[in-house]
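Listed in order, the protein sequences are those of chains A and B. Under UniProt numbering, think of the first position of the first sequence as 1, with each following residue one higher. Under UniProt numbering, think of the first position of the second sequence as 1, with each following residue one higher. For glycine and all other residues, C-beta sits at the position ideal for the given N, C-alpha and C. Accompanying notes for the structure given below.
There are 2 protein chains.
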Amino acid sequence: MFDPASLKYDANGLIPCIAQEAATGEVLMVAWMNAEAVARTLATGRVTYWSRSRRAFWVKGESSGHVQELAELRVDCDRDCLLALVRQSGPACHTNRRSCFFTAIRDGAEVEIMQPEG
Amino acid sequence: MFDPASLKYDANGLIPCIAQEAATGEVLMVAWMNAEAVARTLATGRVTYWSRSRRAFWVKGESSGHVQELAELRVDCDRDCLLALVRQSGPACHTNRRSCFFTAIRDGAEVEIMQPEG
Numbered sequence: 001m002f003d004p005a006s007l008k009y010d011a012n013g014l015i016p017c018i019a020q021e022a023a024t025g026e027v028l029m030v031a032w033m034n035a036e037a038v039a040r041t042l043a044t045g046r047v048t049y050w051s052r053s054r055r056a057f058w059v060k061g062e063s064s065g066h067v068q069e070l071a072e073l074r075v076d077c078d079r080d081c082l083l084a085l086v087r088q089s090g091p092a093c094h095t096n097r098r099s100c101f102f103t104a105i106r107d108g109a110e111v112e113i114m115q116p117e118g
Numbered sequence: 001m002f003d004p005a006s007l008k009y010d011a012n013g014l015i016p017c018i019a020q021e022a023a024t025g026e027v028l029m030v031a032w033m034n035a036e037a038v039a040r041t042l043a044t045g046r047v048t049y050w051s052r053s054r055r056a057f058w059v060k061g062e063s064s065g066h067v068q069e070l071a072e073l074r075v076d077c078d079r080d081c082l083l084a085l086v087r088q089s090g091p092a093c094h095t096n097r098r099s100c101f102f103t104a105i106r107d108g109a110e111v112e113i114m115q116p117e118g
């Protein structure tokens with residue numbers, strides 16, 4: 001059996017989790033989980049982070065409706081990073097863009113490569 | 001102009017960087033950079049991390065030959081996480097697997113979904 005306590009958490013009890021759109025492979029965002037958030041994500045199938053600013057569980061999309069349905073959770077070789085394959089409803093980013101990684105560095109300058117959704 | 005000092009680093013002066021295979025979208029690994037590693041990555045086109053264990057710059061593949069050629073570096077909305085689109089030579093993981101995320105959690109158990117390369 002998988003035990004969330006078997007993962008390696010940082011000094012704050014947190015582990016980073018990458019959310020990747022299962023259908024397209026697009027990397028959407030990175031946020032943090034504690035052991036309980038990992039357990040809730042697996043139990044509910046709704047990706048649940050720990051909000052460092054609010055110091056509270058953060059069921060992604062709970063207020064915005066932009067939920068992340070878990071397709072599969074993966075663990076890396078060092079057990080200190082997670083990869084969540086998700087089915088994202090609407091934009092993942094709080095700026096209303098599909099992904100948080102909408103800024104590219106090209107020829108030494110920042111270029112916005114993704115617009116907010118309508 | 002993009003200035004690596006404009007990113008948000010943690011208390012240790014580090015920022016996490018996801019390496020994603022540019023051709024396939026596969027997430028390969030996550031490692032850390034400091035501002036100088038970001039600058040070197042952009043200047044050389046060879047993805048360069050900061051090794052927390054060795055406390056030294058880590059030009060990915062320098063000893064193994066499994067280099068990561070940078071296709072594009074992206075910054076997230078909070079400026080505290082990087083996404084490097086790369087062309088990976090050979091396996092990215094030190095276990096000789098293509099990706100470090102070779103363990104999936106399925107039905108509450110850990111399943112190895114990727115074998116070491118030959």
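CB residue i to CB residue j, shorter than 7 Å?
i, j, result
"residue 92/A", "residue 29/A", "yes"
"residue 110/B", "residue 96/B", "no"
"residue 49/B", "residue 31/B", "yes"
"residue 68/B", "residue 38/B", "no"
"residue 133/B", "residue 45/B", "For chain B, the structure presents residues 1 to 118; residue 133/B sits outside this window and is missing."
"residue 4/A", "residue 35/A", "yes"
Output the distance between the C-alpha atoms of residue i and residue j, rounded to the nearest integer angstrom.
i, j, result
"residue 56/A", "residue 114/A", "30 Å"
"residue 74/A", "residue 80/A", "11 Å"
"residue 20/A", "residue 2/A", "21 Å"
"residue 107/B", "residue 42/A", "9 Å"
"residue 76/A", "residue 63/A", "30 Å"
"residue 129/A", "residue 7/B", "Residue 129/A cannot be examined here, being either before or after the span of chain A that is shown, 1 to 118."
"residue 112/B", "residue 102/B", "6 Å"
"residue 87/B", "residue 65/B", "13 Å"
"residue 14/A", "residue 78/B", "18 Å"
"residue 59/B", "residue 11/B", "23 Å"
"residue 135/B", "residue 51/B", "An answer regarding residue 135/B cannot be provided, because it is not within the stretch 1 to 118 covered by chain B."
"residue 72/B", "residue 33/B", "15 Å"
"residue 24/A", "residue 25/B", "8 Å"
"residue 94/A", "residue 100/A", "8 Å"
"residue 54/B", "residue 27/A", "29 Å"
"residue 85/B", "residue 85/A", "18 Å"
"residue 18/A", "residue 61/B", "23 Å"
"residue 9/A", "residue 40/A", "16 Å"
Could you please give me the residues that DSSP links to residue i through a beta bridge?
i, result
"residue 105/B", "73/A, 110/B"
"residue 88/B", "68/B"
Do residue i and the ligand ZN come close, with the Cβ less than 6 Å from some heavy atom?
i, result
"residue 114/A", "In the structure shown, the ligand ZN is absent, as is every other ligand, since no ligand is present at all."
TODO: Could you please tell me which residues of the segment 83-112 of chain A, in chain order, have their CB closer than 8 Å to any CB of chain B?
DONE: Hits within the stretch, in order: 83, 93, 94, 95, 97, 100, 101, 102, 103, 104, 105, 106, 108, 109, 110.
Task: Members of the segment 12-39 of chain A near chain B, C-beta cut-off 8 Å - done: Interface annotation for the segment 12-39 of chain A against chain B: 16, 18, 20, 24, 25, 26, 27, 29, 30, criterion Cβ-Cβ distance under 8 Å.
Task: Against chain A: residues of the segment 70-84 of chain B by CB proximity under 8 Å - done: Taking 8 Å as the Cβ-Cβ cut-off, the segment 70-84 of chain B approaches chain A at 72, 73, 74, 75, 76, 77, 78, 81, 83, given in chain order.
Open item on the list: Restricting to runs no shorter than 4 residues, where is the alpha helix (DSSP H) found entirely within the segment 7-82 of chain A?
Closed with: Whole alpha helix (DSSP H) segments, 4+ residues: 35-44.
- [ ] Name, going along the chain, the residues of the segment 38-66 of chain B whose beta-carbon falls closer than 8 Å to a beta-carbon of chain A.
- [x] Of all residues in the segment 38-66 of chain B, 42 have a Cβ within less than 8 Å of some Cβ in chain A.
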